[in-house]
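Presented below is the structure to which this report refers.
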Amino acid sequence: MTTYTNLDGTTPDKRLGAILKWQIGDRLTGRRTKPGAPFETPHRKSDGRALFNRSPHLTWIGHATFVQRLGGKLLVTDPIWSPRMHTVKRLAPPGVALEACPAIDIVTISHAHYDHLDLPTLRRIGKDALYIVPKDNGEILRRAGLPKVIELGWWESHQVNDLRITLVPAQHWSMRTPWDRNTRLWGGFVYESHEGTSYHAGDTGYSERIFSKIRNRFPTIDWAMLPIGAYDPAWFMQPQHTSPEQAGRAWEILGAKNFVAMHWGTFKLSDEPMCEPPSRIRAFWNERWHDPARLWVMDLGETRALR
Numbered sequence: 159m160t161t162y163t164n165l166d167g168t169t170p171d172k173r174l175g176a177i178l179k180w181q182i183g184d185r186l187t188g189r190r191t192k193p194g195a196p197f198e199t200p201h202r203k204s205d206g207r208a209l210f211n212r213s214p215h216l217t218w219i220g221h222a223t224f225v226q227r228l229g230g231k232l233l234v235t236d237p238i239w240s241p242r243m244h245t246v247k248r249l250a251p252p253g254v255a256l257e258a259c260p261a262i263d264i265v266t267i268s269h270a271h272y273d274h275l276d277l278p279t280l281r282r283i284g285k286d287a288l289y290i291v292p293k294d295n296g297e298i299l300r301r302a303g304l305p306k307v308i309e310l311g312w313w314e315s316h317q318v319n320d321l322r323i324t325l326v327p328a329q330h331w332s333m334r335t336p337w338d339r340n341t342r343l344w345g346g347f348v349y350e351s352h353e354g355t356s357y358h359a360g361d362t363g364y365s366e367r368i369f370s371k372i373r374n375r376f377p378t379i380d381w382a383m384l385p386i387g388a389y390d391p392a393w394f395m396q397p398q399h400t401s402p403e404q405a406g407r408a409w410e411i412l413g414a415k416n417f418v419a420m421h422w423g424t425f426k427l428s429d430e431p432m433c434e435p436p437s438r439i440r441a442f443w444n445e446r447w448h449d450p451a452r453l454w455v456m457d458l459g460e461t462r463a464l465r
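Going by the numbering used here, the sequence shown opens with residue 159, and the numbers climb by one from there.
Here's what the structure looks like:
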């Protein structure tokens, strides 16, 4: 059985002792961040009609889930339309109902954690879609009755007509059960077509090495979907998730045209207030950049043209 590590040889997975220190120890010592003001993730009522447009576009469904039209294909990233993720209740509704979406051609899944590989959602999407996943994740889908699966290693690609999809490294880890820890690869995806290039980072900690290598291979990324949530407490989260400021620095290293915020406002996975990630990325942006049009902090259900 293969055991995977990151490019730097680490596996920043957290064992039971660390989880108990965070959940119980930090609470007893008063270190856990108190909840912020009541917050609802901005939501645009959408009937899904914009998704039928044949020109390139991007819609945020929630968390790390986007519906993207690129290269003539409709693809979905890390789809989770379920009302809960394992034991964690969804706090914001999907931006567009799955039933309102056009037929999905391709699904990419970055890794096996439950908030990124959600079998109830995948079963609803069904057998007709092509699923592209990192190595050793395919068996989960095949056991669920989804046979059209392509598995990729880092830097490997799969071509579907004009659309080329490449798995790239991420700074993370994987586990669905106590006995499969790091036995399934994780990563992000780069999607290339004549219409442009997008990048979905999946779940990742900050790694200048990884983002530099992606920049070297893909120097013209137009839209970079980067995670800005689930970073507090830093001692627990930082090895595997980026803060808003780290995501901003990753965008700078990538040299991407537009920053698309994700992995926030949907599930309460960490201690920072729900309203904090977008505020912090906007503050970072205003301090270092003066082109707000390139920062996409989208509402749930919002569709933007890729151009």
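For every residue, glycine included, the Cβ atom is placed at its ideal position computed from N, Cα and C.
Report the three-state DSSP secondary structure of residue i (helix, strand or coil).
| i | result |
| --- | --- |
| Leu277 | helix |
| Gln226 | strand |
| Ile298 | helix |
| Ile379 | coil |
| Pro402 | helix |
| Arg438 | helix |
| Pro467 | Since the first residue shown for the chain is 159 and the last is 465, residue 467 is missing from the structure and cannot be characterised. |
| Phe417 | strand |
| Met243 | strand |
| Leu427 | coil |
| Trp409 | helix |
| Arg373 | helix |
| Arg202 | coil |
| Ala463 | strand |
| Arg232 | At residue 232 the sequence reads Leu, which differs from the Arg that was named. It is a strand residue. |
| Leu209 | helix |
| Leu256 | helix |
| Trp218 | strand |
| Ile368 | helix |
| Thr168 | coil |
| Ile264 | strand |
| Glu445 | helix |
| Leu186 | Because the pLDDT at Leu186 is just 48, under 50, the model does not fix this residue reliably, and the point stays unresolved. |
Within this structure, are the beta carbons of residue i and residue j separated by less than 9 angstroms?
| i | j | result |
| --- | --- | --- |
| Tyr357 | Tyr364 | no |
| Gly459 | Lys203 | yes |
| His399 | Ser370 | no |
| Ala250 | Gly206 | no |
| Lys231 | Ile267 | no |
| Leu216 | Glu353 | no |
| Leu275 | Gly311 | no |
| Arg334 | Gly303 | no |
| Thr341 | Ser332 | yes |
| Ala405 | Ile379 | no |
| Glu403 | Arg438 | yes |
| Ile238 | Asp273 | yes |
| Phe224 | Met432 | no |
| Asp361 | His244 | no |
| Ile368 | Ala328 | yes |
Any heavy atom of the ligand PLP within a distance shorter than 8 angstroms of the CB on residue i?
| i | result |
| --- | --- |
| Ile386 | Absence of the ligand PLP is noted for the structure shown, with no ligands found whatsoever. |
Residue i: buried (16+ other C-beta within 10 angstroms of its C-beta) or exposed?
| i | result |
| --- | --- |
| Leu444 | Note that residue 444 is Asn in the sequence shown here, rather than Leu. Counting Cβ neighbours within 10 Å, Asn444 comes out exposed, since fewer than 16 surround it. |
| Glu309 | buried |
| Glu198 | exposed |
| Leu228 | buried |
| Thr279 | buried |
| Ala222 | buried |
| Glu366 | exposed |
| Val246 | exposed |
| His448 | exposed |
| Phe442 | buried |
| Phe210 | exposed |
| Pro377 | exposed |
| Ser213 | exposed |
| Ala261 | exposed |
| Thr160 | exposed |
| Gly284 | exposed |
| Asn416 | buried |
Self-check item: Stretch-stretch touch, CB-based, cutoff 8 angstroms, three pairs: the segment 160–170 with the segment 379–394
Solution: no
Quiz item: Hey, which unbroken runs of the beta strand (DSSP E) at 3 residues or more fall wholly within the segment 285–360?
Solution: 288–292, 307–310, 315–318, 321–326, 346–351, 354–358
Practice problem: Kindly confirm or deny that the segment 316–324 and the segment 293–304 touch, where touching means at least three C-beta pairs closer than 8 angstroms. | Solution: no
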